[in-house]
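Asks: Below you'll find the structure I mean.
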Amino acid sequence: MSLNPILMIAVPLFVAFSIPLLGYIHKKAGLYAMSATLLFNTFLSFSTLPHAFEKPIRVIIAGYKPPFGINLAITPFSIFLACLISLMGFIVSIYLLKDETTETQEKFSMLILLVVMGATGIVLTGDIFNMFVFLEIMSISSYALTSIRKDRKGSEAGIKFLLVGSISSTFLLLGIAIIYNQLGTLNMADIARRFSQMNPKLAFAAVSFLFLGLGIESEMFPLNAWAPDVYQGAPAPVAALFSAVTVKAGLYAMIRFLYTISNNSSFIKLLMLFGIATVIVSELSALKQTDVKRMLGYSSLGQIGVILFAVGIGTKTALEGAVFHFVNHAVLKATMFLSIGLLAKYAGGSSFEELKGIGKKYPFLAGVFAIGALGVMGFPPLNGFMSKLMILTAAAKAEHVVLVMLVLAASVVEGFYYFRVLQVMFREPEPTRIEKRSVSLAFVIPLVVLVGMIVGIGLFPGVLMPYFKGAAMDILSRGDYISVMLSGGGAL
Amino acid sequence: MCTDNPGVWEYIANWARKHSIWVLAYGTGCGAIEMPPTMTSRYDAERFGLRGAATPRQADLLIISGYLATKTLKRVIRTYEQMYDPKYVLALGSCTINGGMYWDSYNTIKKLDLYIPVDVYVAGCMPRPEAIIEGIIALQKRIEEGRAEGAKKYRENIEWYKKNQREVFGDEMLPDYTWNFEGGI
Amino acid sequence: MIGPHNIVLIPVVIGILAYFAGKLVRPVREGLTLLSSLFVCYVVLFKAGLNTIGIYTYNFSLPQYFDGFRFGNNGFSWYFAVIIAFSYLFVSLASFPLVKDKEYHGSFYLFFNIVAGALLGIVYSRDLVSFFIFWEIMTWSSYFLVVMNPNTKGKTGLTYIVFNVAGAYAMLTAMLIVYSYAGSFHFDRVVKAVSLMTNSTVFFISLLFAIGFLVKMATMPLHIWAPDAYTESEDSFTPFFSGTLSKMGVYGFILFFGMLIGFVNIKGVYEIKDTSLIGYIVAWLGVVTSVFATFRAIVQDEIKRLLAYSSIAQVGYIVTAMAVGTALGVAGALYHALIHSVIKLLLFITVAGVIYRTGKNKFSELGGLITRMPLSYLAVLFGIIGLAGMPPFGGFASKWVIYMSLIKNHYYFLLIGMIVSSTAAFLYCYKLIYGIFLGHPSSQGLMEVKEVPGFLWVPQIVLMMVLMLTGFFPGYIVPFIETAMKGIGFSVAFNSTSAYTLSAALGGFNGFVVINVLGAIFVFVFVWYTLFFPKSKRLHRLDIYWAAETPDENTPLHYGYGIGAELDRIPWVGMSLRTHITRFYEKTGEQISGIASVLKDVVFNGDGQIYMLYAILTLVSIFLLMGR
Amino acid sequence: MSTGMRIVDIIAYPFIAFLIGMLYMGIARNIIGRIHRRWGPPVLQNLIDVFKLYRKREAGSHGVMFHLGPIIMVTGVVTCLYFIPMLSDGRWLKGFSFDGDLILVTYLMVLGALGMALGVGQGGVPFGVMGVTRGLTRLIGLEIPYFIAIIVLMAHYNTASINKIIELQAGGLSNWAMFKVPLAFIASLFSFWGMMGASPFDIPGAPQEVASGPATEFGGKYLALMMSSRGIFGFLKLTLWVDLFMGGAANLLILVGKTFVLFVTVLFVTSVYSRFKVEQAVDFMWRYPTIIGLIALVIEMVR
Amino acid sequence: MSYLEELKVKIENMFSPEKCYFPKENLLSFLVSNSEVRGALSYLKDVEGFKHFVMLSCVDWLEEGKFELVYIVWHPEKKVNAMVKTKIDREKAEFQSLHDMWRQICTYEREIWEMFGVNFIGHPRLEPFILEDWKDMPPMRRDFDTLHYVNEHYEWREGREESYKPRDYIGEAFDEWRKK
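In structure tokens form, the structure reads like this:
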């Protein structure tokens, strides 16, 4: 392992702040730098992946050993997510090369880098406060990204995101403060080890505060009201990034906290119930939407609800399904948002009227959107099906038959509104007011790659299966996480 | 087998035709009111094998019962042409013979057999049922002797009939598909 | 090499290939589809034939609980595979001329091939997940074919997808429950697990499976999607749709209720007249469907809608026959499934040809085509004789078996219900052939119409031969049915010896003697009438008895198409025509969208303060709920 | 029973039915005449009518199907006749009844009518189509009580073959099906009157309304064929009812006797009742005869 | 003073009819100008109660060159008839159609149109009624010579020449015969 995983955070940070300088050399240099760093990040994470799967790696920064110094805890689950985040970030960055909505490239690419760096940081860090810091970096840069276009909808969404985000960070801070004054340490493994010694009332308070803070970040039912506005307000590539990256980081934090740190089973059951509620509410409210981007926001909430439900079940197969659904959700939502972004740009808006008959004018883009839709609905040859099936089989094994029926009913509703959009796109007569413009290569490559991933994973799920098994084992085995992190595994 | 030579087979056929005459239920004039009494209990024409037939295709006997306006004549000719070969016409009342009471009317025809071949005329300004049965018996005798060949007569001098008809109808003639055919199954 | 396990891939791969290759040179699509259908027929008949009983397992290195897809073949799946393969061949042949110049030419062949592949997958799959996968693929690819021609209502597609997906998910829930008991999806493990289940779970599972399959077979309460979907789907796909797709419901029903769950287990739950409660209810649903759908079919003016309702009614017979679960009943269901798919293929292909040629699809606009389209007339004539169940052709044999099964097991009232609908079927059969071919042409254009395109002649003639074959030798199919029944573990039902006769419980009949007597008399009378009588005159079209008037060219003489107008004056029938179940579904639809709009306004109402309020409220509720 | 005798037996089968059928129709017209206090036609009148129609010199046809219509009608009726045994004992006049059963006979009865309907269709006369529609709608009404009756029979004797039913009824008046399942017999009688085209149910061919319905466009030789098939059909139904409910007939004389008794019941109904409308006919048939049939069925199921 | 005399008085001062007299017992007849016909009839129908429309006929006054249209109505309770007459020009014979008051007037007007050639304005269906494909002048007019038409179009049966002249036996010839 030639490079130290810490570079995954260090390099984006360094480049992010050097982008304004690069702006003088060449106007577009910032963008190319951004995608270069993200490519480096992906390469680095994929190279450390096999090592981390053998034995979790503990990276010491500045010589202080835990529980004192800040260190990175690279466990199979975290490195897997890091790969996913950086890969998605890289794909979105290619898309951004040609996207002209970014009025000043430096600020935009810097923010993107910060978001990806924040997410990677959350995923890799072993220190709870460090996670909070990365969370702050990520959310602040995503507030800025939401209102990057300075149009009415964008800025309004940004403000709402800011308000709710600040609530979530205050709760997080409160929780961490309680833990810190009780246990005196900030290292996750150490907290996990001595969590039971805390005074039960305060422990409960800390867990509920953190549960709530992370709940907002991972778009749980009562707390996710901000998400649809943000997905609609933010420009399409940004929305794709959010659904692929930021939410994943939030979910990782929630899982890491509930399973390894507090291991509080009643909260896990609560998470399951909230998951189901998210699925039902978001699918139903998507029914009445007339704007496709907002509808996609709701359906992404629905998918996250399914993930939360799977995590909430807690059995090994459920977690494997959850991790599989992580990947699928990221890939599918990225495809859908990117393709709808382009379609909206060419059709001049993303509501049903504007998109009438667009399928005949831009068959490729609408086709990609259709494949994404089929995948999200979980139709067999595509990837959504296998992960949903694994989650449902796990739920059935855990005797939650009623909940399984609820999820399936919700996906029937989902089928209804997705096919309604497809019918609007493909069956209406060709719109005369939209003239056909050629789609530039930078947009086509990411979409082709994403579609390749959808169909590939769908047909051969076995390829990724060992990674899901490893990640699920890592989440469940709380004991050896603590032992490795404290006793110093691969000392670096 | 069905050649027209008056062999034994034809004799039996004529016997059958004599005893089973189907009357077309088509009252053209004031005589139509005489038909029910001839068919019901008192006079009972069914004894002679008479029976009502709903359509010209099934009928053998066409009874013209009274004066014929040109308008009705057109329908009568079409019906007559739709009937099948051994077909007979029984004309009741003096109006069919020589125009009768309407002898100088611009609208009624004066001589029926100018337009369709008539087998038996029954005079009377509407003959009573006994007279009608008398006419039918006379018709049966003609059939038995094989002289009731109205269809053949119509077929052979069709031009003459059509000329007379054109005189009355002018150029508003009936379509000619009801009388000139080619073969076919 | 090619066997039951990977026969699925051929049509699917060729479908995708055809779509893209067709973009360069258009006729490649027809060629490839024909090639694939011929190859599939060859494989089904010879390679994956009766004798190749084998289990092939694939596991894509999936997690250990999911031990791979299994494919296999036995008499039962072979029986349905033959139906699928040949209908695939005939419909692809028929679709070549009909879809040639349509703009959705490419996507038609793509989805048509995928559907055919999915059906083969369903028939050959030996484990629940692969069964469900191919069931889902069938659903969404047939959805695209339903929605394809642009001049249809959008609502049809949506109702189709909602019903079928809901049915599929009901089936999925039942599969998952079975899996949670059996620990594996493979059929043999499932059979063992079901026998250990408690009564209530068996009842619940069979209810869910029943819903899944009844939706596909369009039985009464769940049939809303069927008439519109059959009528508005692409003309050349409808034969496949109604002829073969509904038979998948039959296959699934018999497979799950016959072999997997086993009628004996269901019977153990709640028994009524020595059959299971569910079976009895479903049987009654079948009867009610056939009666209602038959009367609905009679009053239709659109040709395809009439045939749609008639297929719902005929499948209703199959449902009744197999639901009661007797050996003879299932045999009758299998026999009628074959006959019905042959008839529906024949009728829908011919009707598609007629619509293609005349451009009209209503009875009131057609008429008098017998002189212009003699072969189509013969095809529809054979079709309606089969549909009405008349003796010389196969339709009678299969109906006879169903009647025998119902009488033998004392389900007399079920039988009376079936009699009502099968007698009323004569009306819509006559309306079908009169409306299109007999009577007077309702517009002059119909007189210049040519015969249906050449490609359609092959399926028409072959299907007519099949109908004749099953009619003259009713016993010929019996050995195949018996191997199929053994495939699902049923005992032998028939006791007919030779291919000529068909005899079961209470009696029997000799199809060969029937046709000989009919033929002899017909020939005798025909010869006597044509030679020994005066040649009859060829009357002109308008030389008819018209109460002494003279009809001219444009007097409307074709009002025979209005058959069924007097039905709503008959008290019972009128009432059945007026009751509509669609109102119930529309109300539920409105309820759901009502809830959705309430949710949207309450939860996502768009201003930040409310979101913050929700966050705090959840915190408080967690404290109250969870705090000890 | 050498093959020669068998051939004669088979050829004679339809002609016997034709003659007796025509005789009955002639007698019917005479009796109705007498009821109307008039002489009425001679008994052989129908035969003369048919012979006259056969000897008609002309006939018109609208096409091949029109020509085939009456031929199919006769074929259907005669085939159905062959599957009903006329005599119960001995080897004569059994037709092919061993190769078919009750359900086959029921469907063959309708085959002729459907073939005829096709011919009427090509005839192109709207009256014809209206007649056919009314016929088929009336059929829905008639078929139900008939089928309930034969279900009761099949359940009672546990067989569907007519010959076996006759055998089981052998031995004296008491165990005729007429008395064994009386209600079923009554229900089937109603549908018997209907199928005979007797007066309350003769709406399809009503001369005043639809100009003799299906037979409107058929003249000459075709009408002859139709009249003879109607005669055979009448006799066919009579023998079927005798076989099913009156224990079959040992020889021709008993057959004529029993069928005549049954035929007289038709006459009483015909000459008294006026014509039903189509929906009244179906409604009537689904009301009283069906209820009687269902009661018989319930009794049968209980037994 | 029977009901009819009262009516006569009322009519005289309302419509100033040219002639108003009782042609026979319980029948009042009056001649009014063209424009007053509709008024008179509606008065009789709605106010007086002459609900039943008996018939409409046309009299051909050849010498005066006039057609006389006669509308006869009947009072069901009082059991009396009223006759409204009007004279229209013979050459340019046209009159307003009253079919909206009673529907059956249509048929009468149609027949008069066919037989006399009076054109009724606003009539829904003026087409040949009894005389299909009639090419000649309206036959009921007095200047139409039926005998000439019959001789021209029809052919007499031979042997039917009048064995006696019917006109000889009418009028003075008949008295003479009776005297003998």
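Residue numbers (the working numbering), protein chains in the order written: chain A, 1 to 492; chain B, 493 to 677; chain C, 678 to 1305; chain D, 1306 to 1608; chain E, 1609 to 1788.
We treat Cβ as the ideally placed atom computed from N, Cα and C, and that holds for glycine.
Note that the structure is a prediction, hence the values are computed from the model and not measured.
1. Hey, how far is the Cα of ALA615 (chain B) from the Cα of GLY1436 (chain D)?
2. Just to confirm, are LYS1361 (chain D) and LYS1526 (chain D) a CB contact at a threshold of 8 Å?
3. Are LEU84 (chain A) and PHE326 (chain A) closer than 8 Å when you measure CB to CB?
4. Taking Cβ positions, are SER919 (chain C) and LYS893 (chain C) nearer each other than 8 Å?
5. Buried or exposed, going by whether 16 or more other CB atoms sit within 10 Å of the CB of ILE1240 (chain C)?
6. Could you give the distance in angstroms between the alpha-carbon of GLY1553 (chain D) and the alpha-carbon of LEU1328 (chain D)?
7. Can you tell me whether ALA640 (chain B) is helix, strand or coil according to DSSP?
8. Does the beta-carbon of ARG1443 (chain D) have 16 or more other beta-carbons within 10 angstroms, so that it is buried, or is it exposed?
9. Output needed for GLY834 (chain C): all residues of its chain with C-beta closer than 7 Å, excluding positions within five of it in sequence on either side, in chain order.
10. Taking all protein chains shown into account, decide if MET1501 (chain D) is buried (16 or more other Cβ within 10 angstroms of its Cβ) or exposed.
11. Compute the distance between the beta-carbons of LEU853 (chain C) and ALA396 (chain A), then report whether it is under 8 Å.
12. Can you tell which of A:MET390, A:LYS153 and A:LEU270 has its C-alpha closest to the C-alpha of ALA322 (chain A)?
13. Is DSSP giving LEU1216 (chain C) helix, strand or coil here?
14. Just grab the DSSP bridge partners of ARG543 (chain B) for me.
15. Give, in chain order, every residue of the stretch 1207-1220 of chain C whose Cβ lies closer than 9 Å to some Cβ of chain B.
16. Throw me the rounded Cβ distance for the ALA1529 (chain D) and LEU1358 (chain D) pair, which I believe falls under 8 Å.
17. Relative to the C-alpha of SER299 (chain A), which residue among A:ASN328, A:LYS333, A:THR120 and A:ARG420 is closest?
18. At the 8 Å Cβ level, is GLY233 (chain A) part of the contact set with chain C, yes or no?
19. Should ILE949 (chain C) be labelled buried (16 or more other beta-carbon atoms within 10 Å of its own) or exposed?
20. Please check if any C-beta of chain A sits within less than 8 Å of the C-beta of THR1295 (chain C).
21. Mark THR1754 (chain E) as exposed unless 16 or more other C-beta atoms lie within 10 angstroms of its C-beta, in which case mark it buried.
22. Thinking C-alpha only, which one of B:TRP595, B:LYS566, B:ILE589 and B:ALA545 is nearest MET665 (chain B)?
23. Looking at chain C, is there any beta carbon in it that lies within less than 8 Å of the beta carbon of PHE1401 (chain D)?
24. Take THR564 (chain B) and list the residues in its own chain whose beta-carbon comes closer than 6 Å to its own, dropping the five residues that flank it on each side.
25. Compare the beta carbon distance of ALA205 (chain A) and PHE195 (chain A) with 8 Å and say whether it is the shorter of the two.
26. Select from the stretch 1172-1188 of chain C all residues with a C-beta closer than 7 Å to any C-beta belonging to chain D, and list them in chain order.
27. So, does the CB of PRO76 (chain A) fall closer than 8 Å to a CB anywhere in chain C?
28. Residues of chain B with CB closer than 7 Å to the CB of TYR1222 (chain C), please, in chain order.
29. Starting from ALA1690 (chain E), follow the alpha helix (DSSP H) in both directions and report where the run begins and ends.
30. Among all the DSSP beta bridges, which residues are the ones paired with ASN187 (chain A)?
31. Can you grab the Cα-Cα spacing for the pair PHE1661 (chain E) / SER1705 (chain E), in whole Å?
32. Using the Cα positions of ALA1364 (chain D) and SER1213 (chain C), report the straight-line distance between them to the nearest angstrom.
33. Based on Cα-Cα distance, which residue from A:LEU459, A:THR432, A:VAL413 and A:LEU365 lies nearest to SER440 (chain A)?
34. What is the DSSP secondary structure of TYR1311 (chain C), reduced to helix, strand or coil?
35. Tell me whether PRO363 (chain A) is buried or exposed, calling it buried when 16 or more other Cβ atoms sit within 10 Å of its Cβ.
Replies: Let me lay it out:
1. In the second sequence, the residue the question calls residue 615 (chain B) occupies position 123. In the fourth sequence, the residue the question calls residue 1436 (chain D) occupies position 131. Answer to the nearest angstrom: the Cα atoms are 39 Å apart.
2. Mapped onto the fourth sequence, residue 1361 (chain D) falls at position 56. Mapped onto the fourth sequence, residue 1526 (chain D) falls at position 221. Yes, the Cβ-Cβ distance between LYS1361 (chain D) and LYS1526 (chain D) is below 8 Å.
3. For this step, residue 84 (chain A) is matched to residue 84 along the first sequence. For this step, residue 326 (chain A) is matched to residue 326 along the first sequence. It is a contact, given that the beta carbons lie within the stated cut-off.
4. Within the third sequence, numbered from 1, the residue matching residue 919 (chain C) stands at position 242. Within the third sequence, numbered from 1, the residue matching residue 893 (chain C) stands at position 216. Contact flag unset, no.
5. In the third sequence, counting from the first residue as 1, residue 1240 (chain C) sits at position 563. Per the 10 Å Cβ criterion, buried.
6. Position 248 of the fourth sequence holds residue 1553 (chain D). Position 23 of the fourth sequence holds residue 1328 (chain D). GLY1553 (chain D) and LEU1328 (chain D): Cα-Cα distance of roughly 20 Å.
7. Here the question's residue 640 (chain B) lines up with position 148 in the second sequence. Of the three classes helix, strand and coil, the one that applies to ALA640 (chain B) here is coil, per DSSP.
8. Here residue 1443 (chain D) refers to the residue found at position 138 of the fourth sequence. Answer is buried; the Cβ neighbour count reaches 16.
9. On the third sequence, residue 834 (chain C) is found 157 positions in, with the first residue counted as 1. Correct list, in chain order: TYR820, VAL823 and VAL824.
10. In the fourth sequence, the residue the question calls residue 1501 (chain D) occupies position 196. Its Cβ being crowded by 16 or more others within 10 Å, MET1501 (chain D) is buried.
11. Counting from one through the third sequence, the residue named residue 853 (chain C) turns up at place 176. Counting from one through the first sequence, the residue named residue 396 (chain A) turns up at place 396. Yes, the Cβ-Cβ distance between LEU853 (chain C) and ALA396 (chain A) is below 8 Å.
12. As a position in the first sequence, residue 322 (chain A) is number 322, starting the count at 1. The alpha carbon of ALA322 (chain A) has as its nearest neighbour, out of A:MET390, A:LYS153 and A:LEU270, the alpha carbon of A:MET390.
13. Within the third sequence, residue 1216 (chain C) is the residue found at index 539, counting from 1. Note: LEU1216 (chain C) maps to coil in three-state DSSP.
14. Against the second sequence, residue 543 (chain B) aligns to sequence position 51. Per DSSP, B:TRP514.
15. THR1207, PHE1209, PHE1210, PRO1211, LYS1212, SER1213, LYS1214, ARG1215, LEU1216, HIS1217, ARG1218, LEU1219 and ASP1220
16. The count along the fourth sequence starts at 1 and reaches residue 1529 (chain D) at position 224. The count along the fourth sequence starts at 1 and reaches residue 1358 (chain D) at position 53. Indeed, because the Cβ distance is near 4 Å, the residues count as touching under 8 Å.
17. In the first sequence, residue 299 (chain A) corresponds to position 299, counting from 1. Nearest of A:ASN328, A:LYS333, A:THR120 and A:ARG420 to SER299 (chain A), Cα basis: A:LYS333.
18. For the purposes of this step, residue 233 (chain A) is identified with residue 233 of the first sequence, where counting begins at 1. False, the Cβ-Cβ gap to chain C never drops below 8 Å.
19. Numbered from its first residue, the third sequence carries residue 949 (chain C) at position 272. With fewer than 16 other Cβ atoms within 10 Å, it is exposed.
20. Numbered from 1 along the third sequence, position 618 holds the residue referred to as residue 1295 (chain C). Interface residue, yes.
21. For the purposes of this step, residue 1754 (chain E) is taken as the residue at position 146 of the fifth sequence. Exposed is the call here.
22. In the second sequence, the residue the question calls residue 665 (chain B) occupies position 173. Of B:TRP595, B:LYS566, B:ILE589 and B:ALA545, the residue nearest in Cα terms is B:LYS566.
23. Counting from 1 along the fourth sequence, the entry for residue 1401 (chain D) is found at position 96. Judged by the 8 Å Cβ criterion, PHE1401 (chain D) is in contact with chain C.
24. Position 72 of the second sequence, counting from 1, holds the residue named residue 564 (chain B). Answer for THR564 (chain B): THR520, listed in chain order.
25. Translated into positions along the first sequence, residue 205 (chain A) becomes position 205. Translated into positions along the first sequence, residue 195 (chain A) becomes position 195. Cβ distance not < 8 Å, so ALA205 (chain A) and PHE195 (chain A) don't count as in contact.
26. LEU1183, GLY1184, GLY1185, PHE1186 and ASN1187
27. Within the first sequence, residue 76 (chain A) is the residue found at index 76, counting from 1. It does not: the Cβ of PRO76 (chain A) has no partner Cβ on chain C nearer than 8 Å.
28. Here residue 1222 (chain C) corresponds to residue number 545 of the third sequence, with the count starting at 1. Per Cβ cutoff of 7 Å: THR547, PRO548, ARG549 and GLN574.
29. Here residue 1690 (chain E) is taken as the residue at index 82 of the fifth sequence, counted from 1. Unbroken run through ALA1690 (chain E) is the beta strand (DSSP E), 1688-1697; no alpha helix (DSSP H).
30. In the first sequence, the residue the question calls residue 187 (chain A) occupies position 187. A:ASP127.
31. Indexing the fifth sequence from 1 puts residue 1661 (chain E) at position 53. Indexing the fifth sequence from 1 puts residue 1705 (chain E) at position 97. When rounded, the distance between both Cα atoms is 15 Å.
32. On the fourth sequence, residue 1364 (chain D) is found 59 positions in, with the first residue counted as 1. On the third sequence, residue 1213 (chain C) is found 536 positions in, with the first residue counted as 1. About 5 Å.
33. Counting from one through the first sequence, the residue named residue 440 (chain A) turns up at place 440. With distances taken between Cα atoms, SER440 (chain A) lies closest to A:LEU365.
34. Here chain C covers residues 678 to 1305 and nothing more, so residue 1311 (chain C) does not appear.
35. Counting from 1 along the first sequence, the entry for residue 363 (chain A) is found at position 363. With fewer than 16 other Cβ atoms within 10 Å, it is exposed.
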